[in-house]
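In this note's numbering, the protein residues as written are 228 to 555.
Below is one structure; the comments refer to it alone.
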Amino acid sequence: MTSILKPEGDWLSKVEEFFNNDEPVALPTETVYGLAAPISRPKAIAKIFDLKNRPTFNPLIVHLKKDWDIFNWVEKLTDVESRLIEKFWPGPLSLVLPKKNIPDICTASSKLVVLRAPKNKIFEQVLDGYGVPLAAPSANTSTRLSPTTAIRVQEDLGERGLKAIVDGGRSSEGLESTIVQVVNEKLRILREGALSDEELVLAGFEIDKSYQSQVAAASGDVMPGQGKHYAPLVPLVVMDDPQKWVSYHSNKKLLFLKILESDAPGLKPFNQKAQFVVLSQNDLKEAAFELFETLRLAETEVEQIVVLKTKDIGLGRAINDRLRRANG
Ligand code: AMP
Ligand code: MG
């Protein structure tokens, strides 16, 4: 049985009790729900890998408060890294940093850790209450879609033995964090996410574009989130030609998905029996917020999803990245 805790009354002491019994707890963050455990409790961390069926060579993102002394957890910061933290924490930016006092089980024995400070009151209260960083990968079984509500976590991990979820409503961003590594003062985007390149550039940071294309071309699971990831349970096809998309034909029960109405104004699938969903008129933030929940709904309602790709601009890049990985 999974308890779904409302964040009221003595919820915080209940969460701490689960941690003290080495049980991970799913917590809301602004990106997606995380499966959290204190880095000081290796048995609880090991259970994260079990629950998610995640290979132990795939490291976990570690979460802390911005107002904590980060030098308890990292060896050093460059000037660019400090400025990124100052500007974007708390928020959906994860940084690859040289670790200190962080157990190897969290980082798959790497000397680097991916750290971030989440912007979510519930998660922050748990951090303040327990006083130790929390490892928290997305609260889904490996390769499945990240959950943006407590119910989706329960559907996925409840039967696998997850003991508790704190229900903090829907995640406001709806996409995972952007993972950045700073090399020679330039930013390598290891995983596109809820913080767009454009926002980073606007804040005065330089992105290493040559590195990005290298990552896109690479295959295998060595880079963060580069595996077949984020896939719904029904096949998903991504199309980039609106005409081919509208005329896509299959005998299966289909969902036609348009990310933005402005991607192909007025265009509707020819197949009138199919379901048809537009995530947003012209707002990528709204589209990102709706994306995973829409795909999860589709898993139970249709046999195949046919998506029209959006433009590779702003959050559109992260959305297209998730679609590409889900593409069967
Ligand atoms: P998730 O755990 O689902 O939020 O995804 C986190 C991503 O960050 C995974 O793809 C990890 O492989 C990646 N990651 C976490 N920690 C490290 C690390 N120390 N070095 C490289 N990649 C990491
Ligand atoms: Mg994940």
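Where is the CB? At the ideal position from N, CA and C, for every residue including glycine.
All of these numbers come straight from a predicted model, not from anything done at the bench.
Problem - Terminal residues of the alpha helix (DSSP H) in which residue 428 lies - result: 424-429
Handout entry: residue 331, buried or exposed, once every other Cβ within 10 Å from all chains shown has been counted against 16
Key = exposed
Problem - alpha helix (DSSP H) segment containing residue 371, residue limits - result: Neither: residue 371 is in no alpha helix (DSSP H) and is coded neither H nor E.
Exercise for the section: Could you tell me the distance, in whole angstroms, from the CA atom of residue 533 to the CA atom of residue 373? Expected result: Between the alpha carbons of residue 533 and residue 373 lies a distance of about 19 Å.
Practice task
Specify the secondary structure class of residue 288 as computed by DSSP and reduced to three states.
Solution key: strand
Exercise for the section: Determine the direct distance from the alpha carbon of residue 286 to that of residue 449, and round the result to whole angstroms. Expected result: Here residue 449 scores only 42 on pLDDT, less than 50, and its place in the model is too uncertain to base an answer on.
Problem - By C-beta, the residues closer than 6 Å to any heavy atom of the ligand MG, given in chain order - result: 364, 365, 373
Exercise for the section: Would you kindly check if the distance between the Cβ of residue 408 and the Cβ of residue 618 is under 9 Å? Expected result: Nothing about residue 618 can be read from this structure; the chain reaches only from 228 to 555.
Handout entry: Inter-residue spacing [alpha-carbon to alpha-carbon] between residue 258 and residue 404
Key = 6 Å
Problem - Reference residue 299, options 306, 277, 324, closest by Cα - result: 324
Problem - Selection from 327, 487, 495, 499 that minimises the alpha carbon distance to residue 517 - result: 487
Practice task
Following the continuous alpha helix (DSSP H) through residue 557, name the residue where it begins and the one where it ends.
Solution key: Absent from the structure is residue 557, since the part of the chain shown begins at 228 and ends at 555.
Problem - Cβ-heavy atom distance, residue 334 to the ligand AMP, below 8 Å - result: yes
Practice task
Would you list, in sequence order, the uninterrupted beta strand (DSSP E) runs of no fewer than 3 residues that lie entirely inside the region 388-423?
Solution key: 391-393, 405-410, 413-418
Practice task
Please classify residue 449: does DSSP put it in a helix, a strand, or coil?
Solution key: Note that residue 449 scores 42 on pLDDT, short of 50, meaning its location in the model is unreliable and no value can be drawn from it.
Practice task
Going by CA-CA distance only, name the one from 364, 512, 490 that's closest to residue 545.
Solution key: 512
Handout entry: Rounded C-alpha distance that separates residue 306 from residue 354
Key = 26 Å
Handout entry: Minimum C-alpha distance to residue 352 - residue among 393, 366, 371, 337
Key = 393
Handout entry: Contact test: residue 297 Cβ vs the ligand AMP heavy atom, cutoff 8 Å
Key = no
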